[in-house]
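Student:
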Amino acid sequence: MIKIAPSALAVDFTKLGEEIKSADNSGADWHHLDIMDGHFVPNISFGPALVKTINKISDLYLDVHLMLSEPEKYFEDFKNAGADAITFHIEVHPDPREHLQTITNLGIQAGISLNPDATAEQVIPYLEYCDLLLVMSVFPWFGGQSCIGSSLDTIAQCRKYIDENNLQCLISVDGGVSPENAQTIIDAGADVLVMGSAFYKSSERKKIVESVHRLKRNK
Ligand code: DX5
Ligand code: ZN
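The opening position of the sequence shown corresponds to residue 457 in the numbering used here, with each subsequent residue numbered one higher.
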């Protein structure tokens, strides 16, 4: 079943508790937590303390996306805050094997992420070491941008490689994802849809989750 991971960057932070509980009650599968340092990306978001707060509110899987220039400095902090998966960017560590192993050794799932201007060839050699591949369909800095079409080719190339090599790596897509483009993104090969604005700006959150869970990949 296709998973949906609402991105907490898009919540109304004046009602954080209610918003997180609303996502839980909507039937969402994961919480996608965007950690930004204002250096690797222009925006600054939040850190381990907020992840720990969300972990107290929700029992859902916490998918922590590190948009940091030195992600390896914070693996343990985010694991201790409750992260179930940590993803960092290939742009920061072109050979991510050592850091993927460090995350795995912490007992949580490990993933890499690539921006829209990176290529499938840059990540394919490392997919056998990954539990998760996060394909950015926008340049990460703020939510609410529109999905960049070229990312579909990257998704499809990685899907083909994962299937041909029987790898366990899930493909997650992040940025500008909505109920309107979900089928296209799934047909390209996604297993998980990260949805920020399209989910948290909606009053029909349960309906969005149910519609995503009904989607199947058209081969
Ligand atoms: C920054 C983050 C995304 C973003 C998604 O780009 O990596 O997860 O919060 O938000 P939407 O779905 O609004 O593009
Ligand atoms: Zn993200």
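We treat Cβ as the ideally placed atom computed from N, Cα and C, and that holds for glycine.
Along the chain, where does the alpha helix (DSSP H) containing F655 start, and where does it finish?
Tutor: Residues 653-656.
Student: Any heavy atom of the ligand DX5 inside 7 Å of the beta-carbon of S463?
Tutor: Within the cutoff, so yes.
Student: Shorter than 7 Å, the distance from the beta carbon of G503 to the closest heavy atom of the ligand DX5, or not?
Tutor: No, the ligand DX5 has no heavy atom inside 7 Å of this Cβ.
Student: Going by the CB atoms, is the gap between I559 and V520 shorter than 8 Å?
Tutor: Against a cut-off of 8 Å, the Cβ pair of I559 and V520 comes out as no contact.
Student: Once DSSP output is grouped into helix, strand and coil, what is the label at K459?
Tutor: Strand, per DSSP.
Student: A638 to L649, Cα distance in whole Å?
Tutor: A638 and L649: Cα-Cα distance of roughly 8 Å.
Student: Could you tell me which residues DSSP puts in a beta bridge with I520?
Tutor: The sequence given here has Val at residue 520, not Ile. According to DSSP, which records beta bridges pairwise, V520 is partnered with L489, I542.
Student: Among residues of its own chain, excluding the 5 on either side of F469, which ones have a beta-carbon nearer than 7 Å to its beta-carbon?
Tutor: Closer than 7 Å at Cβ, skipping near neighbours: no residue.
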